[in-house]
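Enquirer: Protein chains in written order, with my numbering: chain H, 172 to 347; chain X, 354 to 1348.
Just so it is clear, CB atoms sit at the ideal spot from N, CA and C, and this is done for glycine as well.
(1) Considering only the beta carbon of each residue, do residue 1241 of chain X and residue 1235 of chain X sit closer than 8 Å?
(2) Please report the distance separating the alpha-carbon of residue 1175 of chain X from that of residue 1257 of chain X.
(3) For residue 254 of chain H, go through chain X and note every residue whose CB falls closer than 9 Å to its CB, in chain order.
(4) Would residue 538 of chain X and residue 1131 of chain X qualify as a contact pair, given that the criterion is a beta-carbon distance under 8 Å?
(5) Leaving out five residues before and five after residue 866 of chain X in sequence, what residues of the same chain have Cβ atoms less than 6 Å from its Cβ?
(6) In this structure, does DSSP put residue 656 of chain X in helix, strand or coil?
(7) Check whether the Cβ atoms of residue 243 of chain H and residue 182 of chain H sit closer than 8 Å, and answer yes or no.
(8) How would you write the range of the beta strand (DSSP E) that residue 709 of chain X sits in, first residue to last?
(9) Checking 8 Å against the spacing of the C-beta atoms, do residue 951 of chain X and residue 847 of chain X come in under that value?
(10) Less than 8 Å between the beta carbons of residue 1274 of chain X and residue 1254 of chain X, yes or no?
(11) Take residue 193 of chain H and list the residues in its own chain whose beta-carbon comes closer than 7 Å to its own, dropping the five residues that flank it on each side.
(12) Going by the DSSP bridge assignment, what does residue 1103 of chain X pair with across the sheet?
(13) Mind checking whether residue 601 of chain X and residue 576 of chain X have CB atoms under 8 Å apart?
(14) Considering only residues of the same chain and omitting the five flanking positions on each side of residue 1008 of chain X, which have a CB-CB separation below 7 Å?
(15) Grab the span of the beta strand (DSSP E) containing residue 1019 of chain X for me, first residue to last.
(16) Along the stretch 539-566 of chain X, what residues have a CB closer than 8 Å to any CB found in chain H?
(17) Taking residue 1128 of chain X as part of the alpha helix (DSSP H), name the residues at either end of that continuous run.
(18) Can you tell me whether residue 550 of chain X is buried or exposed, with buried defined as 16 or more other CB within 10 angstroms of its CB?
(19) Hey, is residue 1151 of chain X close to the ligand MG, as in C-beta under 7 Å from one of its heavy atoms?
(20) Starting from the beta carbon of residue 227 of chain H, find every residue of chain X whose beta carbon is closer than 9 Å, and list them in chain order.
(21) Applying the 10 Å Cβ sphere with the 16-neighbour rule, what's the burial state of residue 298 of chain H?
(22) From X:819, X:795, X:751 and X:716, pick the residue whose C-alpha is nearest to that of residue 1369 of chain X; which is it?
(23) For residue 447 of chain X, which residues in the same chain have their Cβ closer than 7 Å to its Cβ, ignoring the five residues on either side in sequence?
(24) Is there a Cβ of chain X sitting closer than 8 Å to that of residue 209 of chain H, yes or no?
(25) Have a look at the DSSP bridge pairing and note the partners of residue 438 of chain X.
(26) Spell out whether any CB of chain H is found under 8 Å from the CB atom of residue 910 of chain X.
(27) Is it true that the stretch 1097-1110 of chain X meets the stretch 1005-1021 of chain X, where meeting means three or more beta-carbon pairs spaced less than 8 Å apart?
(28) Give me whichever residues DSSP pairs with residue 860 of chain X in a beta bridge.
(29) At what residue ranges does the stretch 513-542 of chain X contain a whole run of the beta strand (DSSP E), taking only runs of 3 or more?
(30) For the stretch 683-762 of chain X, which segments carrying the alpha helix (DSSP H) assignment without a break, of at least 4 residues, lie completely within its bounds, in sequence order?
(31) Which residue or residues does DSSP assign as beta-bridge partners of residue 818 of chain X?
(32) Based on Cα-Cα distance, which residue from X:1262, X:845, X:1189 and X:1150 lies nearest to residue 1323 of chain X?
(33) I'd like to know if residue 276 of chain H contacts chain X, where contact means its C-beta is closer than 8 Å to some C-beta of that chain.
(34) Does residue 378 of chain X come out as helix, strand or coil in the three-state DSSP assignment?
(35) Are the beta-carbon atoms belonging to residue 252 of chain H and residue 221 of chain H less than 8 Å from one another?
(36) Between the Cα of residue 197 of chain H and those of H:211, H:308, H:278 and H:178, spot the shortest distance and give me the residue it belongs to.
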């Protein structure tokens, strides 16, 4: 059952849309592998015991603590980190809203929070404040008091709905 | 007012506007460059630190040979190396010859104190090797409580000092004794302020390098300053200042004062690099951070007020003990003296008597923490003011109003020497009451109470000092000692502006921010002066003591940015503008006074105009065109220090800070009668921080500080056992506010500019860390009619205050034995039935072979003396395994009736000791019932992170000992299958199972 502690395994995963290769010992944490082997230093490590949420990434689209996963467990999976959010050097709507609402100060917890928010807004397109706060309870932020983060998430949810209904209206008009 | 981005008072330029931050783009995209993200030199090794599991012990020996033999381990730094290459840190008080080295050299004085450093090829291997270092300790009696530590008979931490009180000072201002004699009323209160920390999410990081050719150290760390500590580090490394090149990374993941404490690790990793002959990197983990980085100073304060019949306070008496932990680490004992000029708070009280004692206890050293000294001081002062109102049956608001410093008194010199620069306290109070709906809040309270609810309103007034006088700490010395040491004072700030040949503007500030937005505000200031777009200004906040302009007051603390650093930036920008105006005036043969700067252009009204880059470029490209006296190139450094920050005088008056903001807070809380949970119904915080440079960032500071303070009030405390074990080693044990617990305060502002700072701004970053804990405490006192409010106000503590008795245990469940106060001590009893006579059982236990067999995980057992053994034992609970070097002993022998089996040991996971009293009772069937009562004490890592599992784990392990004994006697498990099944069922259904 036990693999020798030093035997390295080959790992292939899709990181932010690109196929990446590396090797890791069985015990290597996913966060360490992403940061130090693949260079995704946007993944931050704050507690290494799954409480602070700073290391949150999406694994096959699901928000996961990369400090509680082993690198070998990510073999063959798709991993998305905060580095995936901006397109062509333009920040996405959530990132822009964070800046507008001063939802970050030191920025260390922000990478993980953004990834949880990304997944949450996919799952819950019409959130209320209590729901957003509940989702954020998996993260610790010591700088902001969370207010700006909550406002940014609610604003983006509203904008996306408005955008969709506009899209819908356009499609309806085209149908007529 | 709660400013969102892009609003706020619009002046002509960018200053005073809520511009979004230039920092955000990198941080939001994961492109920040924090200390652990930076490239390391080839061959960099990684360090892990062996730490003490004991709160107080002598280090008898350190044996690293096994660790050094492990693959990948390159070196081990020990106390011997430290003694050879380094010095103890200089200590901020005289006459206390304590030695504080960067690592234990003879004794350990707190759990988690570094004992040696393992240096290996990667971090995993370095951590593996920690287990292989054998450290032998002789445990000593620890002292945890600061009042007990101050007593004559307390165990002494530093024998060379001879006592735990390492500094004591008495102060008299005015005529306090006379005022107390003449007072209509004397009101007193005794309070305790707990240990806590603003806990940044990024822990400490140090990359140490030693250059053997020059004997110099080059160290990168997420240190926050103050850079007065650079001198402390250089002296500890035994080098001149120029041979300690200290650098900070571009980004830092929060600090709030705590990253001042990395200074001892800067020295330690410098030495580690020297030992290994290679660069050494250390990244602190969360347990290390919680137990051994830095914490707020816990305080015991005994206070008294002399009060007239109408509620005017004529004198205050403070008797305070600050607990600075195992060592007086610089800048302690600053927690006292940062606030010394402000001991009378927002009140015009002229008579003051103070006794300050600094004690050492077996806890991690204390240090800077947001609100430094203010949370402690205002908790005592504002609880006392509340108590004055209560005792005199007056409205607390009226008592506060009657004592406020009047508006026409500014600048106002307080009794102990602070010069309050500006303020309109009474007006600010009125504004807060009106715009925060105070009257309506009182009605809510009355309605709630009429409905039988527990509802209270709390208030507090706070003067928030900012821009510390670097000389305040010398108030800890007597005037004679100060005269000998030479005067210390001031707060030198610096900023540099360089303009390149293409007109690009680079600003450098030495404020080492951790997320406050200094880059944005510095860009706003420069843009305002030079008439350019702030987006075109690059602000560099890395600090390199080998290259950059800095001084001892550099760094990020005492909310000094807006008043001092932004002021220095302004001054540097004015120097640049003056040179550019002269250059343009020469080109146009005009008067420099007519030259204007706006919209990226330099021009004369209705006259010639050039792009900013063209005029600036002249200084590089065409020096021949420059006016006389203009040397060419374009780079200006400004230094600024305010004259008001003088050294303490011979009567111990000290203007401890340059600026003094004013805060008036109030809140309404409702307390759940059953759960004891506190619900913040409304919180209003009104600030006068002088001129606001970026209102959005100001509100961000207020919200952040407020939320940390909410944690201080309701949940955060570094808990220690009576034996000094650290009990809050994970973020599941040290609870911080998360989004559902956070409350949005109503933030109000008024602006009374400071006459002492270049831009009229004051600091604003720490006020709520001073005001909010006591404001909530006063509300809880009001709700419950109690005087003895202690933080944090956890539900269980509040239930105690309400007077709720625990309900009876449900039938069939034995109530748990009352735990020993404070410690992680576990006590329980159990029994097994053994099918043999008591004599047989007794003889079997005394046989060493039996002992070896029944101690779970025993690899070796060696007789040391009469019934005394040395054992090598691996204990495992779940995934966690630890190998203990243990001592086992049989004592209190009373054959064949009873004996005591004890053991103690150390492992990389911590220390454990326990003893079981065993009684043998002969049963009717000739079998023996073996009853045992045991007590286990654990310390170190096990106690810090495993507290929640210990009860069941120890039960299993102890149970194994006696079940194995039964098994050895009978060849089968104790009690047989049926009995075990029955016991299991009994436990499941709560019928008389063992507790």
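Expert: The structure says:
(1) no
(2) Because the pLDDT of residue 1175 of chain X is 45, which lies under 50, any placement of that residue in the model is unreliable, and the question is left without a value.
(3) 382, 383 and 384
(4) no
(5) 894 and 909
(6) strand
(7) yes
(8) 704-712
(9) no
(10) no
(11) 182, 204, 208 and 209
(12) X:1041
(13) yes
(14) 694, 770, 771, 772, 822, 997, 998 and 999
(15) 1010-1024
(16) 551, 552, 553, 554, 555 and 556
(17) 1120-1137
(18) buried
(19) With respect to small molecules bound, the structure shown includes none, and the ligand MG cannot be examined in it.
(20) None at all; the shortest Cβ gap to chain X is about 12 Å.
(21) buried
(22) For chain X, the structure presents residues 354 to 1348; residue 1369 of chain X sits outside this window and is missing.
(23) 830 and 834
(24) no
(25) Partner(s): none; residue 438 of chain X has no beta bridge.
(26) no
(27) yes
(28) X:850 and X:892
(29) 518-526
(30) 687-690, 727-745 and 749-756
(31) X:1013
(32) X:1189
(33) yes
(34) helix
(35) no
(36) H:178
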